[in-house]
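Chemist:
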Amino acid sequence: MAASNPSLYVENTLTYWVSPAKKGGTAVVTIRALLVVILSVGLFLFSVAAQGSSVVELPAPSTEGTLSVERTIARRRSIGNFSEKQLSLEEISQLLWAAQGITDRARGYRSAPSAGATYPLGVYLSVVPEGVGRLSAGVYRYLPAEHGLERTLGESRRLPLREAALGQAPVSEAPVTVVVAAEHAQTTSVYGSRRDRYVHLETGHVGQNIYLQAESLGLGTVVIGAFQDREVQKVMDLLHHREPLYIIPVGYPEE
Ligand SMILES: Cc1cc2nc3c(=O)[nH]c(=O)nc-3n(C[C@H](O)[C@H](O)[C@H](O)COP(=O)(O)O)c2cc1C
Numbered sequence: 001m002a003a004s005n006p007s008l009y010v011e012n013t014l015t016y017w018v019s020p021a022k023k024g025g026t027a028v029v030t031i032r033a034l035l036v037v038i039l040s041v042g043l044f045l046f047s048v049a050a051q052g053s054s055v056v057e058l059p060a061p062s063t064e065g066t067l068s069v070e071r072t073i074a075r076r077r078s079i080g081n082f083s084e085k086q087l088s089l090e091e092i093s094q095l096l097w098a099a100q101g102i103t104d105r106a107r108g109y110r111s112a113p114s115a116g117a118t119y120p121l122g123v124y125l126s127v128v129p130e131g132v133g134r135l136s137a138g139v140y141r142y143l144p145a146e147h148g149l150e151r152t153l154g155e156s157r158r159l160p161l162r163e164a165a166l167g168q169a170p171v172s173e174a175p176v177t178v179v180v181a182a183e184h185a186q187t188t189s190v191y192g193s194r195r196d197r198y199v200h201l202e203t204g205h206v207g208q209n210i211y212l213q214a215e216s217l218g219l220g221t222v223v224i225g226a227f228q229d230r231e232v233q234k235v236m237d238l239l240h241h242r243e244p245l246y247i248i249p250v251g252y253p254e255e
């Protein structure tokens, strides 16, 4: 009869496994204690991993907008004067998705075209000292596969980034600034001497997607190409083989 009770069956089996000779109460207590220890260690490791994880999950992007693509193109303008109004996490999610989000999960294709689908661009986000919604100040790397943000620096780089961009004010006025950087090796291996051309063309696609998405959301932006490469690399803590190509501040246009 005892074997028909699953818990007793498990208990007996475990008791036997620990010590076939001891089938009494001591062994049962031992195995229970062991299970408690294993569970506790597991829970502890899980909570440490969860706390240490710096990935912020972004809200799912929308593929429905209120402006037609024609009107969005017609209205698009470079805007460098921003109000103090903060962006929501939904808006940030939408902008990053437009820049490099996955639009074909089966093949891993993204929102902007890429020569040979090599995807050599990294997208970084600089957030002001006050933070934006659930994003605290610092620098984040966009993770297309997860549609999330990984925090790479814990302090705002707003002012040094503006200095690296030759003091251009939009960089310090905008609540968030996107930096697009190339990792050339990924395209070199496939395209050799045409590498730079392809990477730069792709960066243009990303910039235009951000322009159009910003316009469609009622936001303003301007692509910035005038900056000191090495300084931007240092300020954003990009590895030396990541070459910054665009700085793109985004915010609500000043009234
Ligand atoms: C490759 C490139 C680099 C640019 N760099 C800067 C820049 O450093 N600073 C800036 O204020 N605007 C920059 N712009 C934006 C242009 O000034 C802007 O596109 C131009 O004045 C036309 O205005 P529109 O974008 O409203 O049509 C850049 C644009 C491109 C395409």
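Quick note on numbering: this note's numbering labels position 127 of the sequence shown as 127, and the sequence is numbered without any gaps. Even glycine gets a Cβ: it sits at the ideal position worked out from N, Cα and C.
At 3 residues or longer, and completely inside the region 77-124: list those beta strand (DSSP E) runs for me, N to C.
Modeler: Those beta strand (DSSP E) runs which fall completely within the region 77-124 and span 3+ residues are 102-104.
Chemist: For ligand 1, any of its heavy atoms closer than 7 Å to the Cβ of R77?
Modeler: Correct: R77 has its Cβ closer than 7 Å to ligand 1.
Chemist: Return helix, strand or coil for T177, following the three-state DSSP convention.
Modeler: DSSP places T177 in strand when its eight states are reduced to three.
Chemist: On the DSSP bridge assignment, give the partners of L135 in chain order.
Modeler: Bridge partners of L135: V132.
Chemist: With E155 and A137 assumed to form a contact (beta carbons below 8 Å), what rounded beta-carbon distance in angstroms separates them?
Modeler: Yes, E155 and A137 are in contact; Cβ-Cβ is about 6 Å, under 8 Å.
Chemist: Which parts of the region 202-238 are runs of the alpha helix (DSSP H), unbroken and 4 residues or longer, counting only runs that do not cross its ends?
Modeler: Counting whole runs of 4 or more residues, the region 202-238 contains the alpha helix (DSSP H) stretches 229-235.
Chemist: If we ignore side chains and look at the alpha-carbon of each, how far apart do I210 and P120 end up?
Modeler: Taking the straight line joining both Cα atoms gives about 17 Å.
Chemist: With C-beta atoms as the reference, is Y191 less than 8 Å away from A115?
Modeler: Cβ atoms of Y191 and A115: closer than 8 Å.
Chemist: What residue range does the alpha helix (DSSP H) around E163 cover?
Modeler: Note, E163: alpha helix (DSSP H), R158 to A164.
Chemist: Y111: which of L95, L125, Q233 and Y246 sits nearest, CA to CA?
Modeler: Position check: residue 111 holds Ser in this sequence, whereas Tyr was assumed. For S111, the nearest C-alpha among the options comes from L95.
Chemist: Quick check on the burial criterion: 16 or more other C-beta atoms within 10 angstroms. Buried or exposed for G220?
Modeler: With 16 or more other Cβ atoms within 10 Å, it is buried.
Chemist: Under the criterion of a Cβ to heavy atom distance below 7 Å, does G80 qualify as lining ligand 1?
Modeler: Yes; taking the cut-off as 7 Å, the Cβ of G80 has a heavy atom of ligand 1 nearer than that.
Chemist: Measuring CA to CA, which of G133, K85, R141 and R230 is closest to G251?
Modeler: The shortest C-alpha separation from G251 is found at K85.
Chemist: Just to confirm my understanding: we take R75, look at its own chain, exclude 5 residues before and 5 after, and list those with CB closer than 6 Å. What are they?
Modeler: Same-chain partners within the cutoff: E215.
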